[in-house]
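In order, the protein sequences belong to chains A and B. Under the working numbering, read the first sequence as residues 1 to 113, first letter to last. Under the working numbering, read the second sequence as residues 1001 to 1118, first letter to last. Note that CB positions come from ideal geometry on N, CA and C, so glycine has one too.
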Amino acid sequence: EDKVVQSPLSLVVHEGDTVTLNCSYEVTNFRSLLWYKQEKKAPTFLFMLTSSGIEKKSGRLSSILDKKELFSILNITATQTGDSAIYLCAVSRGGGGADGLTFGKGTHLIIQP
Amino acid sequence: EAGVAQSPRYKIIEKRQSVAFWCNPISGHATLYWYQQILGQGPKLLIQFQNNGVVDDSQLPKDRFSAERLKGVDSTLKIQPAKLEDSAVYLCASSLGWVGVTQYNEQFFGPGTRLTVL
């Protein structure tokens, strides 16, 4: 059974801090790892990672994948109160049409002013 | 580009009643997914469609849940009869799927339907 474990489950920091969110996984026939941000609504897509060691960046957010050690990290620098949300990590399988995502429980990030 | 549309946004029913949710994916997206998100958990896949065919329904409780995508565009998810443990947010997502030999599997989510079963 596919498994995604995120840590920490919750995190409270002050505005301006840098945070690192962790995601480890076990999946048969790994295809990709995705990060989503979820506020009081639907998850919004952040990154999709398929190759080890290649960092993806979008503004203050960045993410990298290690396929040997089976984990990924999401970094947020110079955090702002608008970054407060649940960050979800998910994996998908390859090798056919079934590519539904297996999600972790998420990291609940709170940024205090 | 319009996003994934879902309705209703909220639904409250009593146990043993029936309920249906509707989803309209992003235009041109061949693949459609239904997820169930219980409070405090990540979304859990219920069913995946490729056009109007079912690709994966291994986690769908088929004794009470059913879903269809008859014309390969809109989809409905039904629960009959509902149980207390079905209280959750039901999320619909879509992805472009296969274009030629390339698979685009970034999934884009709708706003969800929050179901409360009393």
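- Scanning B:Gly1100, B:Leu1046, B:Val1019 and B:Leu1096 for the CA closest to the CA of Gly1072 (chain B) turns up B:Leu1096.
- Here the stretch 23 to 39 of chain A makes contact with the stretch 86 to 100 of chain A; the two share three or more CB pairs at distances below 8 Å.
- Measuring C-alpha to C-alpha distances from Leu1046 (chain B) to each of B:Gly1040, B:Val1055, B:Leu1039 and B:Tyr1035 identifies B:Tyr1035 as the nearest.
- DSSP places Asp66 (chain A) inside the beta strand (DSSP E), whose first and last residues are Leu61 to Asp66.
- Ser72 (chain A): member of the beta strand (DSSP E) spanning Phe71 to Ile76, first to last residue.
- Taken through DSSP and simplified to helix, strand or coil, Asp83 (chain A) comes out as helix.
- Here Thr77 (chain A) has Thr18 and Arg60 as same chain residues with Cβ atoms under 6 Å from its own Cβ, once five neighbours each way along the sequence are excluded.
- Here Glu15 (chain A) carries a coil assignment [DSSP, helix/strand/coil].
- Of B:Leu1115, B:Gln1103 and B:Cys1092, the smallest CA-CA separation from Thr44 (chain A) is found for B:Cys1092.
- Here Asp1056 (chain B) carries a strand assignment [DSSP, helix/strand/coil].
- Rounded to whole angstroms, the separation of the alpha carbons of Leu33 (chain A) and Ile1038 (chain B) is 22 Å.
- Arg1114 (chain B): member of the beta strand (DSSP E) spanning Thr1113 to Val1117, first to last residue.
- Unbroken alpha helix (DSSP H) stretches of 4 residues or longer found wholly inside the stretch 1034 to 1105 of chain B: none.
- Along the stretch 1085 to 1117 of chain B, the positions whose C-beta sits under 7 Å from a C-beta of chain A are Leu1091, Asn1105, Glu1106, Gln1107, Phe1108, Phe1109, Gly1110, Pro1111 and Gly1112, read in chain order.
- Classified as exposed, Ser10 (chain A) has fewer than 16 neighbouring CB atoms from the shown chains inside 10 Å of its CB.
- Contacts with chain B at 9 Å (Cβ-Cβ) include Ser32 (chain A).
- Judged by their CB atoms, Phe1109 (chain B) and Tyr36 (chain A) are nearer to each other than the 9 Å cut-off.
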